[in-house]
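Engineer: Chains as they are written, first to last, in this note's numbering: chain L, 1 to 306; chain Z, 1001 to 1676. Virtual Cβ for every residue (Gly too), placed ideally from N, Cα, C. Computed from a predicted model, the values in this text were never measured in an experiment. Okay, here's the structure, questions in a sec.
What follows is the structure, given as structure tokens:
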């Protein structure tokens, strides 16, 4: 079932390649927002120095340390950007997701009017959904601290470092799982909201939770599979990117292209994840009993609002 | 050839040692004393582990090897730095050392219960706390002891001191206790150094380390039976007592301090290299890194002996501090050093190796050559930083000798240079340790800047001369108290040139070294024109194609046939530090012209008339001057290249894109974390 959903998701993406580009361009835009000030400062700092050419090869750590030391404003500027840009990016991707889910739900071809119209339509709901879901996510996030408590109970307040070390890794794992679960719940809640045109986001959230945990093996398996695909891609990407170290304009250009191809691949994965989850939802949530909203319709009758 | 006894032989002679321990300055390890053996101690100490208390009896035999008549003695009581928050140490440090703080109930102290002389005179009432460095009357880290009878040159005085000490918890500023782990340093009443006609006995400062005379130590430490002990010197005897304790008797010769550690949990590793027995005492949770520590210690011993001179002591103990006792880590004592690690430390993070190489290095620069760390900290920490950088680079490769992890490669030297950049001009290098502008300035001038200046000198003099210089310094000043001027004298002598111009700037001033290529230009030289060339004064309105012009063409025929360019390079000295530099100018045909400049003037211009255009110029093209505070302005090209900027921007952009492409809630989480 998971693989079928994934296959179906992939075929949906293949049919809507421009759709990927919308997400990619948004990502590129916010990435550029983060990069551009740094580039400007670096360019000013390097000026006509031959360092400008040297850095085309291996990274000169002396330069990097000197750069950050002598441009301390970079750190404060970056801190401010780290606050604003991810937040803006998050809001924007949340906005785009409305259009994406609507397109997938309606099996529509990508048309700007349909896509953007639904993005606008669901944005307010999705924002409310996020606010409603914050306590749920806080609970999930706090799961990792149960492990800390357990550790204290078993090993006392001053455990050996090998205990705390592995505890740290388990905590990292639990944190990652909590993020994964958060993402899953949010996705299925959004799918529910789009498919049923639900306006009460608390209902969609509850539905998302019920669905995610009610079909945990399938939902979690799909999310994990997609995560693993992303991780494998990164593992392949990294050594290739590292090997492109020659101080040559063509090499730098190839590196840039490789990076962007990788990012497009990531966007494809993200959208595949949306489409596959929707497909999984369709396959599993056929029984009307699983739908609790008063305003919901049977999915087979559903036509997303435009 | 070494004139020392083996460990086994020492143990064989254990009974003899005990017998003659009343004659403190007896040679057991070395057939002949290596040092003047001025301050000799016999100490019996009992650890009350539950209360972190040390009950000690000390007999000091001190020789007046000065030519002066001594009327008083001065002693350090270092542990009183942790007595309360009014001590000079605590005021200066604001209660923190390397980010650590003493627990609320964790204060420590050392209390002299009784002092009397070997001749029977009671002097306890005569003790007077002094504060030679500041006016802090509440500091009790130094006391003077007026003598009823003056001590003549070459006489010896015997002082019996009964003391109680409490160790801080957790270990703070190198010493203290954490549960059953004890690291005991600066713990006993210790006599100052009588030098240059006066007592040199400074208070314990937040940034300062120590200064002491050599001697022989016989120390008996009574600890719980199940405890392992590591200490300065060699174990002579381990005697079981009836009260569930064991007395460990250690003997050390020609050392100027004595530290020890004890814990029931130590896991022991032993090894040997170049006649030095190495013992590593690991915490159980770090036991898997025992071989790594041992290997690093071997590396340190081998490099130092091969490069800088003989380490005459038969052993070295490396202590791994307990979790939560990190402030006991990264410290040096004679034949005993502490490292510091955490479980799972990746091999590519060579903090362990770096710490062990650094701390063992102190056994040369602070121990074999007992410089005054209070007043000239660079002579220990700075020279040690230089040797540590050299060894790390040679052993672990030219790139990433310190960090080689997840694609990040950083050298020890690069980290030291970064630190140096943060305070290059705050102070002259040589200052009393407590007299620097800030703790950062102490760090820069004690560690990083000397590391940079000695590396600069290494590049200036060459590997061979610098190697000879350091070896000559070690050979000449071992078991003495060298001063900065002594180092400079050795440098001048070995280098065969007067290097005072360098040391005056590098050590005694805050002058900053910064040379830059200010301007490069290239312009085509126009053909000669005007009167005498294309016009004639006699016939002002006519073109001149006279003989004179033809002669010029003959004399400069090449120039007349091809374009010529006037290329100029302007170098500026931006800092006050003057240092000879090399400049390489690159031309369009690949030709490189190397020039030298003594760097004394504020600027220097080089002019080249060539048939090719200048491409770029670089001052210090071989990166031989790490003292230079700005490498980026060391070069300039006619045309700016954005290749590197594009590459870094591309990489930066990618990681930003990657970061932003996390699932929605990861982004929100990042934003929240940023807000927090």
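1) Return the CA-CA distance between residue 279(L) and residue 5(L), expressed in angstroms with no decimal places.
2) Using 7 Å as the limit for Cβ to Cβ distance, is residue 1177(Z) near chain L?
3) With a threshold of 8 Å, are at least 3 pairs of Cβ atoms found where one atom belongs to the segment 66 to 76 of chain L and the other to the segment 85 to 101 of chain L?
4) Rounded to the nearest angstrom, what separates residue 115(L) and residue 123(L) at their Cα positions?
5) Bridge partners for residue 1073(Z) per DSSP, in chain order?
6) Mind checking who residue 1282(Z) pairs with in its DSSP beta bridge?
7) Closest Cβ-Cβ distance between residue 35(L) and chain Z: below 7 Å?
8) Looking at the structure shown, is residue 1224(Z) part of a helix, part of a strand, or coil, going by DSSP?
9) Going straight from the alpha carbon of residue 1199(Z) to that of residue 1068(Z), what length do you get?
10) Let me know the secondary structure DSSP gives residue 1381(Z) once reduced to three states.
11) So, is residue 1598(Z) buried or exposed, given that buried needs 16 or more other C-beta atoms within 10 angstroms?
12) Could you list the residues in the segment 43 to 60 of chain L with a C-beta less than 7 Å from some C-beta on chain Z, going in chain order?
13) Interface residues of chain Z around residue 31(L) at Cβ under 8 Å?
14) Using 7 Å as the limit for Cβ to Cβ distance, is residue 1613(Z) near chain L?
15) With a threshold of 8 Å, are at least 3 pairs of Cβ atoms found where one atom belongs to the segment 1444 to 1458 of chain Z and the other to the segment 1377 to 1386 of chain Z?
16) Is the segment 1101 to 1108 of chain Z touching the segment 1163 to 1175 of chain Z in the sense that three or more CB pairs, one from each, lie closer than 8 Å?
17) Helix, strand or coil for residue 1351(Z)? Go by DSSP, reduced to three states.
18) Counting only C-beta atoms, is residue 300(L) closer than 7 Å to chain Z at any point?
19) Quick one: does residue 1646(Z) have its CB under 7 Å from some CB of chain L?
20) Contact check, residue 1315(Z) vs residue 1276(Z) under 8 Å by CB: the rounded distance?
21) Could you check if residue 1144(Z) is buried or exposed, using at least 16 other CB atoms within 10 Å of its CB as the buried criterion?
22) Using only CA atoms, which one of 1115(Z), 1605(Z), 1612(Z), 1125(Z) lies nearest to residue 1159(Z)?
23) On the three-state DSSP scale, how would you describe residue 1163(Z)?
24) Can you tell which of 1375(Z), 1331(Z), 1350(Z), 1031(Z) has the C-alpha that lies nearest to the C-alpha of residue 1410(Z)?
25) So which residues on chain Z does residue 71(L) lean against when the C-beta distance must stay under 9 Å?
26) Going by beta carbon distance, what residues of the same chain come within less than 7 Å of residue 1121(Z), once the five residues before and after it are set aside?
27) Which whole-angstrom value describes the C-beta separation of residue 1476(Z) and residue 1490(Z), a residue pair presumed to lie in contact below a C-beta threshold of 8 Å?
28) Under a Cβ-count criterion, where at least 16 other Cβ atoms within 10 Å of its own Cβ denotes burial, should residue 1553(Z) be classed as buried or exposed?
29) Enumerate, from N- to C-terminal direction, the unbroken beta strand (DSSP E) stretches of 3 or more residues contained entirely within the segment 1185 to 1219 of chain Z.
30) In its own chain, which residues sit with a C-beta less than 8 Å from the C-beta of residue 15(L), not counting the 5 before and 5 after it?
31) So for residue 1466(Z), helix, strand or coil by DSSP?
32) Do the segment 1627 to 1635 of chain Z and the segment 1603 to 1614 of chain Z meet, that is, are 3 or more Cβ pairs less than 8 Å apart?
33) Under DSSP, the alpha helix (DSSP H) around residue 1442(Z) begins and ends at which residues?
34) Out of curiosity, what's the CA-to-CA distance linking residue 260(L) and residue 1654(Z)?
35) Please name the residues in the segment 223 to 251 of chain L whose beta-carbon is closer than 7 Å to at least one beta-carbon of chain Z, in chain order.
36) Quick check on residue 1620(Z): does DSSP put it in helix, strand or coil?
Structural biologist: Reading from the atomic positions:
1) 5 Å
2) no
3) no
4) 12 Å
5) 1145(Z)
6) Residue 1282(Z) pairs with 1267(Z).
7) yes
8) strand
9) Answer to the nearest angstrom: the Cα atoms are 11 Å apart.
10) helix
11) That one is exposed.
12) When C-beta distances to chain Z are compared with 7 Å, the residues of the segment 43 to 60 of chain L below that value are 43, 45, 46, 47, 48, 49, 50, 51, 52, 53, 54, 55, 56, in chain order.
13) 1653, 1654, 1656, 1657, 1660
14) no
15) Taking 8 Å as the limit for Cβ pairs, the verdict is that the segment 1377 to 1386 of chain Z does touch the segment 1444 to 1458 of chain Z.
16) yes
17) helix
18) Note on residue 300(L): pLDDT 39, under 50, position unreliable in the model; no value is reported.
19) yes
20) The Cβ separation is near 6 Å, so the contact holds.
21) buried
22) 1115(Z)
23) strand
24) 1350(Z)
25) Simply none; closest approach about 11 Å.
26) Residues 1148 of the same chain have their beta carbon placed closer than 7 Å to that of residue 1121(Z), with the five preceding and five following residues left out of the count.
27) About 6 Å separates the beta carbon of residue 1476(Z) from that of residue 1490(Z), a gap short enough to meet the 8 Å contact definition.
28) The predicted position of residue 1553(Z) is uncertain, since its pLDDT is 49 and thus under 50; a value taken from the coordinates is nonetheless stated next. So residue 1553(Z) ends up on the exposed side.
29) 1193 to 1195, 1198 to 1200
30) Residues 109 of the same chain have their beta carbon placed closer than 8 Å to that of residue 15(L), with the five preceding and five following residues left out of the count.
31) helix
32) Short answer: they don't touch.
33) Residue 1442(Z) -> alpha helix (DSSP H) spans 1439 to 1443.
34) 8 Å
35) 242, 247, 249
36) In this structure, residue 1620(Z) counts as coil in the three-state DSSP scheme.
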